[in-house]
Amino acid sequence: MSGGSTSCYQQERLRLEQYLPLLENFISHADFISGNSQMVLWTSQLKIRWSSALSSWSLFNLTGPKFFQIDNLRFELSMNLFLYGAILWERASELLAAEPKQSAFIFREAAGVFHYLAHEVIPSLQPGISGERPPEATPPVCVALCLLCLAESQAVYIRKAEEAGNTSFGVLSKLHHGVVGLLDESTVQLFSALEECNAISSHFLEFISSCRALHELRSQKYLAEVLKSDDHVGVAIGVLRDALITAEKEMPGVDAWKDVFRREIGKAADTLGKFERENEFVWHEKVPSGDDLPTPQANKIVKIEPYQPMKWERELAFKL
34 MSGGSTSCYQ QERLRLEQYL PLLENFISHA DFISGNSQMV LWTSQLKIRW
84 SSALSSWSLF NLTGPKFFQI DNLRFELSMN LFLYGAILWE RASELLAAEP
134 KQSAFIFREA AGVFHYLAHE VIPSLQPGIS GERPPEATPP VCVALCLLCL
184 AESQAVYIRK AEEAGNTSFG VLSKLHHGVV GLLDESTVQL FSALEECNAI
234 SSHFLEFISS CRALHELRSQ KYLAEVLKSD DHVGVAIGVL RDALITAEKE
284 MPGVDAWKDV FRREIGKAAD TLGKFERENE FVWHEKVPSG DDLPTPQANK
334 IVKIEPYQPM KWERELAFKL
């Protein structure tokens with residue numbers, strides 16, 4: 034048990050927080066003598082190999098995971114930092130129910146790690162890379178993960194607001210649509226990454242698409258509630274009808290995700306039925322469709338928690 038924690042993700046986090054400063058320090062010393070012929074030889078013999086959790090090879094290669102070998106110390110750093118960000122994601126998910134405030138903060142910490150990777154570490158690695166690389170070692174994928182972590186963090190804040198019951202439907206609609214916007218940006222980055230790596234897991238892409246569709250449905254449902262309270266019952270009905278049609282088309286293939294979808298679709302359908310009955314007997318409003326329907330506004334309230342790398346300041350001597 035590391036650091037007195039029983040959480041396997043927290044233990045992994047602590048181990049990486051001990052290893053990363055050592056690695057950073059080692060790299061900084063190795064850079065000073067990177068031109069030395071002996072150092073060049075050692076570097077070429079490192080045989081640094083990592084498998085990829087985001088590559089489609091991870092899911093469909095029946096002979097085992099595909100390994101990517103790049104003999105560069107910054108490749109080791111980038112993959113360990115990616116692993117660190119992923120561990121933070123898992124830890125945040127683990128705390129979601131019991132400690133939502135801490136969960137939201139750790140998601141933002143993870144976003145900071147991926148942002149640092151995309152803008153500081155991988156650009157310095159790229160000149161030394163030739164051949165195929167894992168998705169995790171490309172800037173667009175790291176940017177996508179940063180945005181995904183921010184979306185998850187905002188979703189936690191929305192959940193807290195919904196449970197508290199003191200936030201208006203209009204604000205909730207905008208917050209859910211803010212998550213949609215973050216997920217759209219993430220998807221754009223992932224598809225741009227295909228120019229640098231051969232394939233990204235379709236399962237991962239479906240996860241993002243399903244999350245997007247779920248928040249879109251919730252945003253539209255709250256927008257319909259706002260329209261109804263403003264006496265625009267017909268428009269509210271049109272918004273809900275359109276939202277339900279879209280949600281049915283976006284139904285995910287994973288059974289666990291389908292259950293969540295069906296519950297949300299059921300809630301929206303119940304609200305639609307109530308509005309339609311009221312409109313039939315009281316308001317008699319025309320129900321618009323298509324381009325005549327309003328779209329939700331978006332509000333993004335979360336920011337990354339910047340990652341501050343730490344170095345274990347210790348002099349190293351290489352026997353050259």
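Read in order, the letters of the sequence shown correspond to residues 34 to 353 in our numbering. Glycine included, every Cβ here is placed at the ideal spot set by N, Cα and C. All values reported here derive from a predicted model rather than from experimental measurement.
Pairwise C-alpha distance: residue j and residue i
i           : j           : result
residue 126 : residue 133 : 9 Å
residue 210 : residue 295 : 20 Å
residue 241 : residue 216 : 7 Å
residue 86  : residue 116 : 10 Å
residue 102 : residue 254 : 48 Å
residue 54  : residue 222 : 29 Å
residue 292 : residue 58  : 48 Å
residue 202 : residue 193 : 14 Å
residue 181 : residue 219 : 6 Å
residue 305 : residue 290 : 23 Å
residue 93  : residue 236 : Residue confidence is low: residue 93 scores 43 on pLDDT, short of 50, so the model does not pin down where it sits. Its coordinate-derived value is still stated next. Taking the straight line from one Cα to the other gives about 11 Å.
residue 279 : residue 80  : 48 Å
residue 345 : residue 50  : 11 Å
residue 228 : residue 337 : 26 Å
residue 198 : residue 205 : 10 Å
residue 319 : residue 185 : 38 Å
residue 271 : residue 335 : 31 Å
residue 46  : residue 326 : 47 Å
residue 178 : residue 39  : 27 Å
Residue closest to residue i, alpha-carbon to alpha-carbon, out of the options
i           : options            : result
residue 169 : 107, 185, 321, 141 : 107
residue 157 : 189, 110, 190, 183 : 110
residue 341 : 43, 40, 118, 66    : 118
residue 149 : 114, 136, 129, 213 : 114
residue 245 : 274, 214, 237      : 214
residue 321 : 338, 284, 275, 82  : 275
residue 252 : 318, 266, 195      : 195
residue 155 : 46, 300, 81, 175   : 175
residue 298 : 248, 324, 187      : 248
residue 183 : 199, 313, 212, 60  : 212
residue 137 : 314, 271, 191      : 191
residue 42  : 65, 72, 70, 124    : 124
residue 343 : 188, 327, 56, 128  : 56
residue 135 : 177, 152, 187      : 187
residue 2   : 112, 323, 200      : For the chain, the structure presents residues 34 to 353; residue 2 sits outside this window and is missing.
residue 284 : 313, 147, 250, 273 : 250
Residues near residue i in its chain [Cβ-Cβ closer than 8 Å; skip 5 each side]
i          : result
residue 17 : The structure shown does not extend to residue 17, since the chain is modelled only from 34 to 353, so the question has no answer here.
residue 88 : 99, 167, 168, 230, 231, 232, 233, 234
residue 91 : Confidence in residue 91 is poor, its pLDDT being 47 and thus under 50, which makes the residue's placement too unreliable to answer from.
Range covered by the alpha helix (DSSP H) that runs through residue i
i           : result
residue 48  : 41-65
residue 147 : 133-149
residue 294 : 288-311
residue 257 : 235-262
residue 282 : 266-282
residue 207 : 202-226
residue 123 : 106-127
residue 232 : No alpha helix (DSSP H) contains residue 232, which DSSP labels as neither H nor E.
residue 166 : Per DSSP, residue 166 belongs to no alpha helix (DSSP H) and is neither H nor E.
residue 338 : Segment: none, residue 338 is in no alpha helix (DSSP H) and carries neither H nor E.
residue 130 : Here residue 130 belongs to no alpha helix (DSSP H), and DSSP marks it neither H nor E.
residue 186 : 172-197
residue 156 : 155-158
Beta-ladder partner(s) of residue i, from DSSP
i          : result
residue 83 : 101
Own chain residues within Cβ distance below 6 Å of residue i, not counting five before or after
i           : result
residue 311 : none
residue 121 : 139, 142, 143
residue 19  : No answer is possible for residue 19: the residues shown for the chain start at 34 and end at 353.
residue 361 : The first residue shown for the chain is 34 and the last is 353, placing residue 361 beyond what the model contains.
residue 200 : 194
Same chain, Cβ closer than 7 Å to residue i, neighbours up to 5 away in sequence not counted
i           : result
residue 225 : 173
residue 207 : 329, 330, 331, 332
residue 269 : 257, 260, 261, 308
residue 96  : Note that residue 96 has pLDDT 48, beneath the 50 cutoff, so the model's placement of it is unreliable and the number below is only indicative. There are no such residues.
residue 286 : 239
Beta carbon proximity, residue i to chain D, threshold 8 Å
i           : result
residue 131 : The question asks about chain D, but that chain is absent: this structure has only one protein chain.
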